[in-house]
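K.L.:
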Amino acid sequence: MTDAKARLPRDERRAQLLTAALEVFTSAGYHAAAMDEIADRAGVSKPVLYQHFPSKLELYLAVLDLHVDQLVYSIQRAIASTHDNSERVRATVDAYFNFIEEEGEAYRLLFESDMSVEPAVRERLTRMTYDCAAAVSAVIAADTGIPDDAAMLLGIGLVGTAQFTARYWLERDGRVPREEAARLVANLQWRGISGYPRTLDERGRK
């Protein structure tokens, strides 16, 4: 181990360990992955690894948190990128497909493995869906005036459609070109959600 590695700031060390962990988890799977191998991949001693992450599960959860936050942020950024709602739908669907395309192996490991039965993992996956849906539902509620619970229901529906179609696309090895797949899903969603009036006043005039 070099002195430079030994003196890494804590945040940089953590990022280094998370990168190494993702590589090992992806290649070996969670259950077969060993903390020794992760430490070796990161170029640190096993005690250093345990100083940051007391267990393999905590390390896995930290990797999962990183990717959950990344996806939620990309959805929030897509929604904030324009005031045109049809473009918002397209940008949001595109964000899901981008994430799955760029993080395919990590996506399978973190979001589709048997670790999803672990309560702490399930809680994070549920939070991811709800946080993404909340960003969508806030726009729906503001534009239509429908109650928050109803807007959230629609948000869950839109997010679920994007998640599962992007997942299906990944499982089929992108047989439909990525841009076309995202466009088809976005068009389907927009044809449904655009039927809602933009405000309660508009609804009353119909």
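The sequence shown: position 129 = 136 (my numbering), numbered continuously. Think of the CB as a built atom: it goes at the ideal place given N, C-alpha and C, for glycine as much as any other residue. A quick note: this is a predicted structure, and the numbers were derived from the prediction, not measured.
Which residues in the same chain as Y114 place their Cβ atom closer than 6 angstroms to its Cβ, once the five residues preceding and following it in sequence are excluded?
P.N.:
I107
K.L.:
Can you look up T99 in the DSSP assignment and give me helix, strand or coil?
P.N.:
helix
K.L.:
Roughly how far, in whole angstroms, is the beta-carbon of W176 from the beta-carbon of V183, given that I think they are within contact range, below 8 angstroms?
P.N.:
Sure, about 7 angstroms apart at Cβ, within 8 angstroms.
K.L.:
By the 10 Å Cβ neighbour count, where 16 or more other Cβ atoms means buried, how is T9 classified, buried or exposed?
P.N.:
Interpretation of T9 is limited by its pLDDT of 45, a score under 50 that renders its predicted location unreliable; the figure taken from the coordinates is listed afterwards. Its Cβ having fewer than 16 others within 10 Å, T9 is exposed.
K.L.:
Comparing C-alpha positions only, which one of M42, I163 and D150 sits nearest to T133?
P.N.:
I163
K.L.:
Can you give the Cα-Cα distance for L207 and T151, rounded to whole angstroms?
P.N.:
Confidence at L207 is low in this model, with a pLDDT of 48, below 50, so its placement is unreliable and the value that follows should be read with caution. Rounded to whole angstroms, L207 to T151 spans 6 angstroms at the Cα level.
K.L.:
Do you know offhand how far V96's Cα is from A39's?
P.N.:
Near 40 angstroms, if we compare the C-alpha coordinates of A39 and V96.
K.L.:
Over the uninterrupted alpha helix (DSSP H) stretch that includes T89, give me the two end residues.
P.N.:
Counting along the chain, no alpha helix (DSSP H) covers T89, and no H or E run does either.
K.L.:
Leaving out five residues on either side along the sequence, give the residues of the same chain with a beta carbon under 8 angstroms from the beta carbon of S120.
P.N.:
G36 and Y37
K.L.:
Does the distance from the CB of F32 to the CB of V75 come in under 8 angstroms?
P.N.:
no
K.L.:
Does DSSP put R182 in a helix, a strand or coil?
P.N.:
coil
K.L.:
Apart from the five residues just before and just after R17, which ones in its own chain have a Cβ nearer than 6 angstroms to its Cβ?
P.N.:
Within the same chain, and ignoring the five residues on either side of R17 in sequence, no residue has its Cβ closer than 6 angstroms to its Cβ.
K.L.:
On the DSSP letters alone, give me the boundaries of the alpha helix (DSSP H) that Y137 sits inside.
P.N.:
For Y137, the uninterrupted alpha helix (DSSP H) run begins and ends at P126 to T151, by DSSP.
K.L.:
Do you know whose CA, among R185, A169 and E178, lies nearest E112's CA?
P.N.:
E178
K.L.:
Is it buried or exposed for S62, if we count other Cβ within 10 angstroms and need 16 for buried?
P.N.:
exposed
K.L.:
R14: buried (16+ other C-beta within 10 angstroms of its C-beta) or exposed?
P.N.:
exposed
K.L.:
Nearest to E186 by CA position, among G199, T172 and A46, is which residue?
P.N.:
T172
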